[in-house]
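All residue numbers for the sequence shown refer to this note's numbering, where the first residue is 18 and numbers rise by one. A short write-up of the structure that comes next.
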Amino acid sequence: MAVRHALTIALEAGFRRVIVEADCMKVIHHLRNKIKESSSFGCIIADILALVEQCNPFCFSHVRRTGKRSRHYDQMMVWVEDIPAQLQSFVLQDISFD
Numbered sequence: 018m019a020v021r022h023a024l025t026i027a028l029e030a031g032f033r034r035v036i037v038e039a040d041c042m043k044v045i046h047h048l049r050n051k052i053k054e055s056s057s058f059g060c061i062i063a064d065i066l067a068l069v070e071q072c073n074p075f076c077f078s079h080v081r082r083t084g085k086r087s088r089h090y091d092q093m094m095v096w097v098e099d100i101p102a103q104l105q106s107f108v109l110q111d112i113s114f115d
């Protein structure tokens with residue numbers, strides 16, 4: 018649900034070039050392969066895939082939970098352009114891993 022929420026925010030803000038990073042391999046696998054199931058999980062995947070059609074280009078990326086420490090500071094935090102001061106050191110460390 019976090020991916021769907023983040024995509025909705027990005028699209029409403031006018032972004033069309035989007036990269037989604039998630040630590041759940043099942044979600045990334047279903048999105049990359051456009052797998053839809055008849056379940057509540059499948060409905061969420063279908064919603065995300067419908068949102069992705071509005072993006073160009075688009076990328077799904079799997080990251081390990083330990084790979085991106087800034088993401089775990091506050092999982093529901095969304096920022097555009099400027100990095101919040103309390104996350105700057107974490108983001109700089111994450112960049113050094115790439």
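In this text, a Cβ means the ideal position worked out from N, Cα and C, and glycines have one as well.
Reduced DSSP category for residue i - H, G, I as helix; E, B as strand; rest coil
i	result
glutamate 29	helix
isoleucine 52	coil
leucine 104	helix
valine 80	coil
cysteine 72	coil
arginine 8	Residue 8 is absent from the structure shown; the chain starts at 18 and stops at 115.
Selected residue, minimal CA-CA separation from residue i, among the options
i	options	result
valine 20	Arg34, Glu38, Gly31	Glu38
methionine 18	Phe32, Ala30, Ser57, Arg34	Ser57
arginine 34	Phe77, Ile61, Ile62	Phe77
isoleucine 62	Cys72, Ala30, Ile45, Asn73	Ile45
alanine 30	Ile52, Phe107, Gln71	Gln71
Residues sharing a beta bridge with residue i, DSSP
i	result
alanine 39	His79
For residue j and residue i, the rounded distance between their alpha carbons
i	j	result
leucine 24	leucine 68	7 Å
leucine 48	histidine 22	15 Å
leucine 104	glutamine 110	10 Å
lysine 53	serine 106	38 Å
Residue i at chain B interface by Cβ criterion, 8 Å
i	result
lysine 51	No chain B is part of this structure, which consists of one protein chain only.
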